[in-house]
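Structure, as structure tokens:
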Amino acid sequence: MTDPLYDCPSLNPEDLKDFGFLQNLPSIVVGHVLDPQPHESVLDMCAAPGGKTVHIATLMNNKGCVIAIDKTSSRVKKLEDNVNRFGVSNVTCFSFDSTKSCLHQHHKEPLPHAPPFRPETFDKILLDAPCSALGQRPLTKCSLTSKELKSFHVYQRKFISQAVELLKPGGVLVYSTCTFSPDENEKQVAWLLKCYPQMKLIPQVPCVGYSGWSGFGLTEDESRMLQRFGPPQSLSHSSSNLHRKRTIASSQNSTLLKIESQEHVSDACSFDGTEDVTETRDINQLCMDTICFFIAKFIKNC
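The sequence shown finishes on residue 1575 if you use our numbering, and the numbering steps up by one all the way, no holes.
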């Protein structure tokens, strides 16, 4: 059979490899939440296969410096292939263990611009952490044991500790996972805030997902600064997210993301609190019809 049934283009990654990089909605959102600027130094701690890395480099207009790290050499090869395929020149890739990426006194002097790095090196860091991946779709079965599931949040904290050290004062850390496990999400945020008082949870723009789940060591205000995609915590939680207007504070003003009735999500538009902006598309469907994903954003106090 060779005749297409529909007029829409093929979504086979091989057919699109010369035109674009397929990503799900939250994977695109996380790059915009990081908001990398052309003059900044950015670290992607778990970068392979490179979709978010390429997106970050593109948002920086191929300027500044992006360091992309992954532990496995075969995955770094895939990362480098994607970086080269899309022609971004501000990315340098390394095969390195990000849990050891901060230089300490007992380390030898590193190579220039190579890991391990000196403390307070980066303006922004993306930690798309290794996780239980329970939010991936399709997922017909889970082969992880109970012991393995309980090990991920301990492992993730090694990355978080390095990220806090590597971040400049005033710098931004974005933490994300593709699992719905609160141990790896909300509880991880609560742990970070408790152990690193210099880190502050901040609102996200754009904000199109549900707020974080409640009851896991965070206040209601803190939970509202998180983003979740996938199943809501409850039907009542889903309903409250649908009808509320999600107002996100920024340093300049307040912004509101309007979900348009067309087949796309608009950019965040300025909102002065007087205009009646209505969500004309079912945000529940938008957030649920994707993989499970979690995003938290922090700033390091000066």
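Backbone N, C-alpha and C fix where the C-beta goes; we use that ideal spot for every residue, glycine too.
Predicted model, so just to flag it, every value in this text is computed and none were measured.
Alpha-carbon to alpha-carbon, residue j and residue i
i, j, result
"F1489", "G1337", "38 Å"
"I1398", "P1455", "22 Å"
"Y1428", "G1443", "26 Å"
"P1504", "L1307", "24 Å"
"H1516", "K1373", "Residue confidence is low: H1516 scores 38 on pLDDT, short of 50, so the model does not pin down where it sits. Its coordinate-derived value is still stated next. So the alpha carbons of these two residues sit roughly 44 Å apart."
"N1458", "S1449", "8 Å"
"A1406", "V1364", "26 Å"
"C1366", "D1343", "8 Å"
"P1476", "K1570", "7 Å"
"Q1296", "I1568", "16 Å"
"L1581", "F1432", "Given a span of 1274 to 1575 for the chain in the structure shown, any question on residue 1581 remains unanswerable."
"Y1483", "C1575", "30 Å"
"H1312", "K1460", "33 Å"
"E1493", "C1404", "25 Å"
Within 8 Å, strictly: CB atoms of residue i and residue j
i, j, result
"V1356", "N1335", "no"
"G1324", "S1300", "yes"
"F1395", "C1375", "no"
"F1453", "F1359", "no"
"M1472", "V1445", "no"
"I1340", "G1304", "no"
"R1430", "W1486", "no"
"M1498", "L1466", "no"
"F1502", "T1563", "yes"
"K1573", "L1491", "no"
Nearest-angstrom beta carbon gap, residue j and residue i [assumed within contact, 8 Å]
i, j, result
"V1302", "V1462", "Their Cβ separation, rounded to whole angstroms, is 17 Å, which puts V1302 and V1462 out of contact at 8 Å."
"Q1435", "S1371", "6 Å"
"Q1500", "C1451", "Actually they are not in contact, since the Cβ atoms of Q1500 and C1451 sit about 13 Å apart, beyond 8 Å."
"A1402", "C1319", "6 Å"
"V1315", "P1309", "5 Å"
Residue i burial status per 10 Å Cβ neighbour count (16 or more: buried)
i, result
"T1326", "buried"
"H1426", "buried"
"K1414", "exposed"
"S1496", "buried"
"L1412", "exposed"
"P1470", "exposed"
"C1565", "buried"
"P1479", "buried"
Quick check on the DSSP output: what are the complete beta strand (DSSP E) runs of length 3 or more inside the stretch 1431–1479, in order along the chain? Qualifying beta strand (DSSP E) stretches, in chain order: 1440–1450, 1472–1474.
I'd like the ranges of any alpha helix (DSSP H) spanning at least 4 consecutive residues and lying wholly in the stretch 1294–1319. The qualifying runs are 1298–1307.
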